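Going down the list, the protein sequences come from chains F and X.
For the first sequence, position 15 (counting from the first letter as 1) is numbered 15 according to UniProt numbering, and the numbering increases by one without interruption.
For the second sequence, position 115 (counting from the first letter as 1) is numbered 115 according to UniProt numbering, and the numbering increases by one without interruption.
For reference, the structure discussed in these notes is given below.
Number of protein chains: 2
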Amino acid sequence: MHKQLSDYIREKITISDPDMETAFSFFKIMEVKKNEVLISPGETSQRIYFVGKGCLRIFFLTEGGTEATRHFAFENQFATALVSFITNETSKEFVQAIEDTELYYISQADFYYLLKIIPQWEKLYRHYLEYAYVTNTNRLMSFITLDATERYRQLLAQNPNVVMRMPNKMVASYLNISQETLSRLKSKA
Amino acid sequence: MHKQLSDYIREKITISDPDMETAFSFFKIMEVKKNEVLISPGETSQRIYFVGKGCLRIFFLTEGGTEATRHFAFENQFATALVSFITNETSKEFVQAIEDTELYYISQADFYYLLKIIPQWEKLYRHYLEYAYVTNTNRLMSFITLDATERYRQLLAQNPNVVMRMPNKMVASYLNISQETLSRLKSKA
DNA sequence: CGTGCACTTGATTGAAGTCAAGCGCTGTGG
DNA sequence: CCACAGCGCTTGACTTCAATCAAGTGCACG
Numbered sequence: 001m002h003k004q005l006s007d008y009i010r011e012k013i014t015i016s017d018p019d020m021e022t023a024f025s026f027f028k029i030m031e032v033k034k035n036e037v038l039i040s041p042g043e044t045s046q047r048i049y050f051v052g053k054g055c056l057r058i059f060f061l062t063e064g065g066t067e068a069t070r071h072f073a074f075e076n077q078f079a080t081a082l083v084s085f086i087t088n089e090t091s092k093e094f095v096q097a098i099e100d101t102e103l104y105y106i107s108q109a110d111f112y113y114l115l116k117i118i119p120q121w122e123k124l125y126r127h128y129l130e131y132a133y134v135t136n137t138n139r140l141m142s143f144i145t146l147d148a149t150e151r152y153r154q155l156l157a158q159n160p161n162v163v164m165r166m167p168n169k170m171v172a173s174y175l176n177i178s179q180e181t182l183s184r185l186k187s188k189a
Numbered sequence: 001m002h003k004q005l006s007d008y009i010r011e012k013i014t015i016s017d018p019d020m021e022t023a024f025s026f027f028k029i030m031e032v033k034k035n036e037v038l039i040s041p042g043e044t045s046q047r048i049y050f051v052g053k054g055c056l057r058i059f060f061l062t063e064g065g066t067e068a069t070r071h072f073a074f075e076n077q078f079a080t081a082l083v084s085f086i087t088n089e090t091s092k093e094f095v096q097a098i099e100d101t102e103l104y105y106i107s108q109a110d111f112y113y114l115l116k117i118i119p120q121w122e123k124l125y126r127h128y129l130e131y132a133y134v135t136n137t138n139r140l141m142s143f144i145t146l147d148a149t150e151r152y153r154q155l156l157a158q159n160p161n162v163v164m165r166m167p168n169k170m171v172a173s174y175l176n177i178s179q180e181t182l183s184r185l186k187s188k189a
C-alpha cells in the first residue's frame, strides 16, 4: 500500500519501518476529477499533496484576470501552494487537477508534527525545498535571458510532458506568453 | 564576538551554548573591498557568507554579456550562489561585494557537518531555504504580473535600500530593465 | 446536433530595448 | 593640485518582439 509514496520517501531519506508506518498514518488518499480545484486563494488550511496518478497545476490570477501557471506536478511529485504553506498566510495560488488525479495528502499540522518526531523528515522537507528553489530559479533565469521562442524550445527539451499533456493555453500561461504566440511558435517549429 | 551572527542564529533557532561554540568554530571572518569578487562561474568550492557590514550582490551574465542581478544581501543576511551550493555543480553565478564588506563565512563541508551534528542546524537551513524560495517566487510573480514601472514602484516600496544604496545600472539589472528605462522612470516619478 | 471552448491566423499596437550622442563626476597619475 | 580619461547617467530617435484585437475553423461534450 502507498508503494509509490514509500518508494519516493526511501529514495530521499533512510527511515525505519516503524517511522514509515507513523508517517503513513497521517497520509490520506483522495481522488479528484479533471478541473477540480483543491486550494483557492484566500484559503489558509494547508495540505501537501503527493501525486500518485494524474497531474496538478499551481497557478494564480493576474490583475487582468488571466491565469499565470507557476508549476505542473506529475506522478511521484509533492506539490502545494508552497508560499502559503511556508508563510502561513492565505494563498494567492490555486491548486487544480488537470486530469483525473489520484492523490495522497497530509495536513500542514501533521507534516510539522512529523518534522518534530522523525528527525529524517526534516531532511525530506529540505530536499523538497531545495528542488522547489532550484526549479524556480531556473525559471526566473529563463524569463530574464530567453525570448519566447527560446523559452518554448527549452521547455520542449527539458519537460516535454508539459507540452504533450497540457492544453495549449496552460502551456502558454506557464511560458508567460499569449496563446496566440505559442500557436505561431508551434506552427513554425 | 560574532555578536551579529549569534543574534541572528538565536533569532531563528534555540541552540545550547556549547553547540553555538561548536558552530562558531567553523566560521571565519573576512574583509573584502568594494567590487571584489568572491565566487566566479565555474567554481565549485562553495561557502555560505553572512554579511556583517556592507553588501553582497549575486548576479550572472546573459549570453549578450549583460549582467542580471539575482539578489542583494545586506547586513545580517546569509548569501551564497545557492543553486550551486544545493546541486554541487559549478556556479553560474558571481558573488561580489558592492561596498567594502565584512563577512563571516563557513565552507560547504563544514556547513553539512553542522547539519549532521547539531539537529537544530537543519532548521536554520530550512529557514534560509524557505526565505530564499519565497523571495524568489515573489520576484518571479512580479516579472509575470507587473510592467517596468510597477516593478520599480514595488521595489521602492518594499526594499528602498536597493534603490538608495546601489548604483543605477545594478538596480536596473535587478529589475530586468535597461539602464535607460530606469533613468526615464526615475525622472518621471 | 448544436453550443461553446480551444486553437489558428492576420492586422495593428505598444512597451521597452537598442543605438547614439552628450554631460558630469570621480579618481588617478603626472 | 590639476587635467584628463573613463565610467555612470540622461535624453532622444528608432526598432522590435510579443500583446491585443478580431475573425474564423474545428472539435468535444452535453
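Just so it is clear, CB atoms sit at the ideal spot from N, CA and C, and this is done for glycine as well.
Given the structure is predicted, the values throughout are model-derived calculations rather than measurements.
Exercise. Who are the neighbours of Lys-33 (chain F) on chain X, taking C-beta pairs under 7 Å?
Worked result: As a position in the first sequence, residue 33 (chain F) is number 33, starting the count at 1. Neighbours of Lys-33 (chain F) on chain X: none; closest Cβ ~28 Å, over 7 Å.
Problem set entry | Element boundaries [alpha helix (DSSP H), containing Ser-107 (chain F)] | The sequence position of residue 107 (chain F) within the first sequence is 107, counting from 1. Unbroken run through Ser-107 (chain F) is the beta strand (DSSP E), 101-107; no alpha helix (DSSP H).
For this session: Within its chain, find whatever has a CB closer than 7 Å to the CB of Met-30 (chain X); leave out the 5 residues flanking it on each side and keep chain order.
Result: As a first step, residue 30 (chain X) is located in the second sequence; it is residue number 30 there, counting from the start. Excluding residues within five positions, the ones whose Cβ falls inside 7 Å are Leu-103, Tyr-105.
Problem set entry | Where Ile-39 (chain F) falls, given that 16 or more other Cβ within 10 Å makes a residue buried | Taking the first residue of the first sequence as position 1, residue 39 (chain F) is located at position 39. Counting the other Cβ atoms within 10 Å of the Cβ of Ile-39 (chain F) gives 16 or more, which makes it buried.
For this session: Report the neighbours of Phe-143 (chain F) on chain X: residues whose CB is nearer than 7 Å to its CB, in chain order.
Result: Mapped onto the first sequence, residue 143 (chain F) falls at position 143. Contact annotation for Phe-143 (chain F) against chain X: Phe-143 [CB-CB distance below 7 Å, chain order].
Exercise. What three-state label does DSSP hand His-71 (chain F) in the structure shown?
Worked result: Within the first sequence, residue 71 (chain F) is the residue found at index 71, counting from 1. The DSSP-derived three-state label of His-71 (chain F) is strand.
For this session: Identify the contact partners of residue 274 (chain F) in chain X, using a Cβ-Cβ distance below 9 Å as the criterion.
Result: One cannot answer for residue 274 (chain F) here, as it falls past the ends of chain F, which runs 1 to 189.
For this session: Report yes or no: is there a C-beta of chain F within less than 8 Å of the C-beta of Asn-159 (chain X)?
Result: For the purposes of this step, residue 159 (chain X) is identified with residue 159 of the second sequence, where counting begins at 1. Output row for Asn-159 (chain X): interface = no.
Problem set entry | Those runs of the alpha helix (DSSP H) which lie wholly inside the region 11-42 of chain F and span at least 4 residues | Here the runs fully enclosed are 17-25.
Problem set entry | Burial state of Ala-81 (chain X), where buried means 16 or more other Cβ atoms lie within 10 Å | Along the second sequence, read from residue 1 onward, the residue named residue 81 (chain X) stands at position 81. The residue in question, Ala-81 (chain X), is buried, as its Cβ has 16 or more Cβ neighbours within 10 Å.
Exercise. Using a C-beta to C-beta distance shorter than 7 Å, which residues of chain F count as neighbours of Leu-140 (chain X)?
Worked result: Residue mapping note: residue 140 (chain X) aligns to position 140 of the second sequence, counting from 1. Under the 7 Å cutoff, chain F gives Asn-136, Arg-139, Leu-140.
For this session: Using a Cβ-Cβ cut-off of less than 8 Å, list which residues of the region 154-178 of chain F approach chain X; keep chain order.
Result: When C-beta distances to chain X are compared with 8 Å, the residues of the region 154-178 of chain F below that value are Asn-176, in chain order.
Exercise. Can you list the residues of chain F that Arg-57 (chain X) reaches, using a CB-CB cut of under 8 Å?
Worked result: Along the second sequence, read from residue 1 onward, the residue named residue 57 (chain X) stands at position 57. None at all; the shortest Cβ gap to chain F is about 15 Å.
For this session: Please work out which residues of its chain come closer than 7 Å, Cβ to Cβ, to Ser-142 (chain X), disregarding the five sequence neighbours upstream and downstream, and give them in chain order.
Result: Working through the second sequence from its first residue, we reach residue 142 (chain X) at position 142. For Ser-142 (chain X), same chain residues with a beta-carbon under 7 Å away, outside a window of 5 residues either side, are Arg-151, Gln-154 in chain order.
Problem set entry | Unbroken alpha helix (DSSP H) run spanning Ile-144 (chain F), endpoints | Indexing the first sequence from 1 puts residue 144 (chain F) at position 144. In the DSSP assignment, Ile-144 (chain F) falls within the unbroken alpha helix (DSSP H) covering 119-145.
Problem set entry | Residues that Thr-62 (chain F) contacts on chain X, provided the C-beta gap is smaller than 8 Å | In the first sequence, the residue the question calls residue 62 (chain F) occupies position 62. Result: Ile-144, Thr-145.
Exercise. What residues in its chain sit with their C-beta under 6 Å from that of Ala-148 (chain F), if we drop five residues either side in the sequence?
Worked result: By one-based count along the first sequence, residue 148 (chain F) stands at place 148. Take Ala-148 (chain F), set aside five residues on each side of it, and the residues of its chain with a beta-carbon closer than 6 Å to its own are Ile-177, Thr-181, in chain order.
Exercise. Does the beta carbon of Arg-126 (chain X) come closer than 8 Å to any beta carbon on chain F?
Worked result: Along the second sequence, one-based indexing puts residue 126 (chain X) at 126. Yes, contact with chain F.
For this session: Determine the closest residue to Ala-73 (chain X) out of X:Ser-91, X:Arg-10, X:Ala-189, X:Met-166, with distance taken between C-alpha atoms.
Result: Within the second sequence, residue 73 (chain X) is the residue found at index 73, counting from 1. If we check each option's Cα against that of Ala-73 (chain X), X:Met-166 comes out closest.
Exercise. If you draw a straight line from the alpha carbon of Val-95 (chain F) to that of His-127 (chain F), how long is it in whole angstroms?
Worked result: Within the first sequence, residue 95 (chain F) is the residue found at index 95, counting from 1. Within the first sequence, residue 127 (chain F) is the residue found at index 127, counting from 1. For Val-95 (chain F) and His-127 (chain F), the gap between their C-alpha atoms comes out near 21 Å.
Exercise. Given Ala-23 (chain X), which residues of its chain have a CB within under 8 Å of its CB, disregarding the five upstream and five downstream residues?
Worked result: For the purposes of this step, residue 23 (chain X) is taken as residue 23 along the second sequence, with counting starting at 1. Around Ala-23 (chain X): Ile-9, Ile-15, Leu-114, Ile-118, Trp-121.
Exercise. Once you ignore the five residues that flank Ile-124 (chain X) on each side, which residues in its own chain have a CB closer than 6 Å to its CB?
Worked result: Taking the first residue of the second sequence as position 1, residue 124 (chain X) is located at position 124. Per the sequence shown, residue 124 (chain X) should be read as Leu rather than Ile. Cβ-Cβ distances below 6 Å link Leu-124 (chain X) to Lys-12, Ile-13 in the same chain, with the five nearest sequence neighbours on each side left out; the list follows chain order.
Exercise. Just by C-beta distance, which residues in the region 79-96 of chain F are closer than 9 Å to chain X?
Worked result: Hits within the stretch, in order: Leu-82, Val-83, Ile-86, Thr-87, Lys-92.
For this session: Within 10 angstroms of the Cβ of Ser-84 (chain X), are there 16 or more other Cβ atoms? Answer buried if so, exposed if not.
Result: Working through the second sequence from its first residue, we reach residue 84 (chain X) at position 84. The C-beta of Ser-84 (chain X) has 16 or more other C-beta atoms within 10 Å across all chains shown, which makes the residue buried.
Problem set entry | Cβ pair Ala-68 (chain X), Ser-173 (chain X) closer than 8 Å | To locate residue 68 (chain X), count along the second sequence from 1; it is residue 68. To locate residue 173 (chain X), count along the second sequence from 1; it is residue 173. With contacts defined as CB atoms closer than 8 Å, Ala-68 (chain X) and Ser-173 (chain X) qualify as a contacting pair.
For this session: Find out if the Cβ-Cβ distance for the pair Leu-5 (chain X), Glu-130 (chain F) is shorter than 8 Å.
Result: Position 5 of the second sequence, counted from the first residue, corresponds to residue 5 (chain X). Position 130 of the first sequence, counted from the first residue, corresponds to residue 130 (chain F). Contact annotation: Leu-5 (chain X) and Glu-130 (chain F) have beta-carbon atoms that are not nearer than 8 Å.
Exercise. Between Lys-169 (chain F) and Thr-101 (chain F), which are expected to be in contact by the criterion C-beta below 8 Å, what is the C-beta distance as a whole number of angstroms?
Worked result: In the first sequence, counting from the first residue as 1, residue 169 (chain F) sits at position 169. In the first sequence, counting from the first residue as 1, residue 101 (chain F) sits at position 101. A Cβ-Cβ distance of about 19 Å is found for the pair Lys-169 (chain F) and Thr-101 (chain F), leaving them out of contact under the 8 Å criterion.
Problem set entry | Listed by chain order, chain F residues near Tyr-133 (chain X) by CB distance under 8 Å | If you number the second sequence from 1, residue 133 (chain X) lands on position 133. Per Cβ cutoff of 8 Å: Leu-82, Val-83, Ile-86, Leu-129, Ala-132, Tyr-133, Asn-136.
Exercise. In whole angstroms, what separates the C-alpha of Asp-19 (chain X) from that of Ser-25 (chain X)?
Worked result: The residue given as residue 19 (chain X) occupies position 19 in the second sequence. The residue given as residue 25 (chain X) occupies position 25 in the second sequence. When rounded, the distance between both Cα atoms is 10 Å.
Exercise. Leu-156 (chain F) to Met-164 (chain X), Cα distance in whole Å?
Worked result: For the purposes of this step, residue 156 (chain F) is taken as the residue at position 156 of the first sequence. For the purposes of this step, residue 164 (chain X) is taken as the residue at position 164 of the second sequence. Here the C-alpha atom of Leu-156 (chain F) lies approximately 41 Å from the C-alpha atom of Met-164 (chain X).
Problem set entry | Outcome for Asn-88 (chain X) when other beta-carbon atoms lying within 10 angstroms are tallied against a minimum of 16 | Position 88 of the second sequence, counted from the start, is the residue given in the question as residue 88 (chain X). When all chains shown are included, Asn-88 (chain X) counts as exposed.
For this session: Grab me the residues of Phe-27 (chain F)'s own chain with a C-beta within less than 6 Å of its C-beta, minus the 5 sequence neighbours each way, in chain order.
Result: Stepping through the first sequence from its first residue, residue 27 (chain F) is reached at position 27. The answer, listed in chain order, is Tyr-104, Ile-106.
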